[in-house]
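Below is one structure; the comments refer to it alone.
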Amino acid sequence: MEGSGTNQLIMALDVGTSSVRASAYDFEGNEVMFADQAISLTQLSDTQVEQDPIEIKTAVSNVMQQIISAPEVQQRGIACAGLASQRSSVMAWNRKTGEPLTPVLSWQDRRAEAYLKPLAGKRAAIKKKSGLFLSPHYGASKLRWLLDHCPELERPYQNNELIFGPLAAFVLFHLLEKQPCVVDHVNASRTQLMDLQTHQWSPELLQDFGIDRELLPTCKPTQSFFGKIRGTEIPLTAVNGDQNAAIHGSGRLENGTLIVNVGTGAFVLLPTGSQLMHHPSLLASIANSSKEQVTYLLEGTINGAGAAINWAAEQWEEPNLIPNLSHWLTQIDNPPIFINTIGGLGSPFWKSEQKPYFLGEDLDKITLEEKAVAVVESIIFLIAINLEAMSNTGQTVKRIRITGGLSALDGFCQRLASLTQRVVVRPKVKQATSQGIAWLAANLTCSWNGLGDESTIEYFLPKGNRYLQTRYRQFCTELGWR
């Protein structure tokens, strides 16, 4: 599609955790307009986190219609569209009517952890085939939980009307003409039921989790013709997970660049090209796929990034915590050490039972500002640990490209640069996920609005900070790293 219809636009749909967004981009990567709508997240308990599929479906329709109906968009036309979705969130629906049969079990949901214990002996085999560690965050155990705990699924199951799987598949069902039951390779892989070698549902993994293949959507490459958007002639030509789309936010991937996207969770991604690389404590993932080729990533996961900041604001009943972070990061240079286990420790530890705490401190003597900066530093420390793990594979990390909400904090970026002794590059890309899925949908081969244009990026150069390094070593020791 590159070079065709250059006056036309590309529409990007991004189904996130806290909002749904639609954007229109030109073929130079400039955002012409956008619309967004907040969606709710319901925390039923420490382990149960849900969303409303009708609310999400309605939000997708609303923001998309705002884009499509805009006069400039109607004048220029939309050449193609792409969809990015939160990964590891799953649900069930009726394959004939599209009616939701369950809530969306969020990627943050861990209610199905008990299902993983009988599979402990197969941990290595499951990791090798799926690229993922046994974790209740991924879809397989949650899908099994739905089958066992939702009696309302029994009749649709008996009538061959039950389908379940990633949230992205439900969105596609309602978004596209002919209501296809399809999903892309990346969102499929986050169920922990897809074979990373064959890019299809694995018979062995399905058997391990006790799930019928007939209940799942068909897997397709992330860059495919998925169908036309209902009521339009707009082809949907790319579907991907939000983090995987975000790494393409500046266009073509560059060797030696570590991509960090810091949102509700933080995701540390190292492209490995066509090589599927396995690491004992990191995830393997698909970056992108087409009929011609598949590219891969090493991935680290931090559950408590923005979620940890939100947790702190609620715990300490401080509604102004987030707006004050930028100032506090410039003022507090020797905070305490916070052991951040919000949402469970992700890579490279994979522990879900530990509660967060401050290391060896009398909380009555710590100010709110110091505690808040300690939480921010804990996120930086976990990113650095994942970088170390990736470097141990022999992969060279020359610099870090950072995106996501917390990347707007200069103090966050500077401490990350000083701790890792790498240049941190912050592209002025407001929405890396939306821009990345637009780039993939248009099937472009060049970079846009990215690292080649000095006016669109900011650099944070490493500085000496031995106290930061000391706190990091203490943090690592407490977690048993090194």
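All residue numbers in the sequence shown are consecutive under my numbering, ending with 484. The beta carbon of each residue, even a glycine, is placed where N, CA and C say it ideally should be. Quantities reported herein were computed from a predicted structural model and do not represent experimental measurements.
| Check | Outcome |
| --- | --- |
| Helix, strand or coil for residue 366? Go by DSSP, reduced to three states. | helix |
| Excluding the 5 residues preceding and the 5 following residue 430 in the sequence, name in chain order all residues of the same chain whose CB lies nearer than 6 Å to its CB. | 458 |
| Decide if the region 291-305 is in contact with the region 215-225; the criterion is three or more beta carbon pairs, one per stretch, under 8 Å apart. | yes |
| Given 8 Å as the limit, is there contact between the region 111-128 and the region 269-278, that is, 3 or more CB pairs closer than that? | no |
| What did DSSP end up calling residue 65 once you bin it into helix, strand or coil? | helix |
| For residue 236, which residues in the same chain have their Cβ closer than 6 Å to its Cβ, ignoring the five residues on either side in sequence? | 80 and 83 |
| Taking C-beta to C-beta, are residue 220 and residue 141 nearer than 8 Å? | no |
| Let me check understanding here. Comparing Cα to Cα, which of 315, 285, 314 and 309 lies closest to residue 301? | 285 |
| Name the DSSP bridge partner or partners of residue 228? | Its beta-bridge partners do not exist; DSSP assigns none. |
| Helix, strand or coil for residue 493, going by three-state DSSP, please let me know. | Outside the displayed span of the chain (3 to 484) sits residue 493, for which this structure offers no information. |
| Determine the burial state of residue 349: buried for a count of at least 16 other Cβ atoms within 10 Å of its Cβ, exposed for fewer. | buried |
| Buried or exposed: where does residue 321 fall if 16 or more other Cβ atoms within 10 Å of its Cβ makes it buried? | exposed |
| Which residue's Cα is closest to the Cα of residue 113: 145, 102, 319 and 133? | 145 |
| Would you mind working out which of 117, 402 and 336 sits nearest residue 376, comparing C-alpha positions? | 336 |
| Any chance you could list the beta strand (DSSP E) runs of at least 3 consecutive residues sitting entirely within the region 17-102, in chain order? | 21-27, 33-40, 51-53, 80-87 and 92-96 |
| Could you tell me which uninterrupted beta strand (DSSP E) segments, each at least 3 residues in length, are contained entirely in the region 248-311, listed from first to last along the chain? | 259-264, 268-275, 285-291 and 296-304 |
| Using a Cβ-Cβ cut-off of 7 Å (strictly less than) and excluding sequence neighbours within five positions of residue 133, which residues of its own chain qualify? | 191, 198, 285, 286 and 287 |
| Which partner residues does residue 12 have in the DSSP bridge list? | 27 and 82 |
| Kindly indicate which residue of 401, 296 and 477 has the alpha-carbon position closest to the one of residue 200. | 296 |
| Pick helix, strand or coil for residue 482, following the three-state DSSP scheme. | coil |
| Within the continuous beta strand (DSSP E) that includes residue 184, where are the two ends? | 184-186 |
| Residue 131 by DSSP, collapsed to three states: which one? | helix |
| Terminal residues of the continuous alpha helix (DSSP H) containing residue 439? | 434-443 |
| Taking DSSP as the reference, what is the three-state secondary structure of residue 216? | helix |
| Does the beta-carbon of residue 5 have 16 or more other beta-carbons within 10 angstroms, so that it is buried, or is it exposed? | Note that residue 5 scores 46 on pLDDT, short of 50, meaning its location in the model is unreliable and no value can be drawn from it. |
| Mind checking residue 56: buried by the 16 CB within 10 Å criterion, or exposed? | exposed |
| Does the beta-carbon distance from residue 176 to residue 100 come in below 8 Å? | yes |
| For residue 318, count neighbouring Cβ atoms within 10 angstroms of its own Cβ and tell me buried if that reaches 16, exposed if not. | exposed |
| How long is the line joining the alpha carbons of residue 239 and residue 161, rounded to whole angstroms? | 32 Å |
| Can you tell me the Cα-Cα spacing of residue 346 and residue 75, whole angstroms? | 43 Å |
| Identify, in the order they occur along the chain, each residue of the same chain with its Cβ nearer than 6 Å to the Cβ of residue 418, setting aside the five sequence neighbours on each side. | 382 and 426 |
| Whose CA, out of 306, 371 and 314, lies closest to the CA of residue 334? | 371 |
| Could you give the C-beta distance for residue 91 and residue 107, rounded to a whole number, given that I count them as a contact under 8 Å? | 7 Å |
| Looking only at its chain, what residues have a beta carbon closer than 6 Å to the beta carbon of residue 416, apart from the 5 residues adjacent to it on each side? | 462 |
| Candidates 54, 78, 210 and 180: which alpha carbon is nearest residue 131's? | 210 |
| With distances taken between CB atoms, is the gap from residue 331 to residue 413 smaller than 8 Å? | yes |
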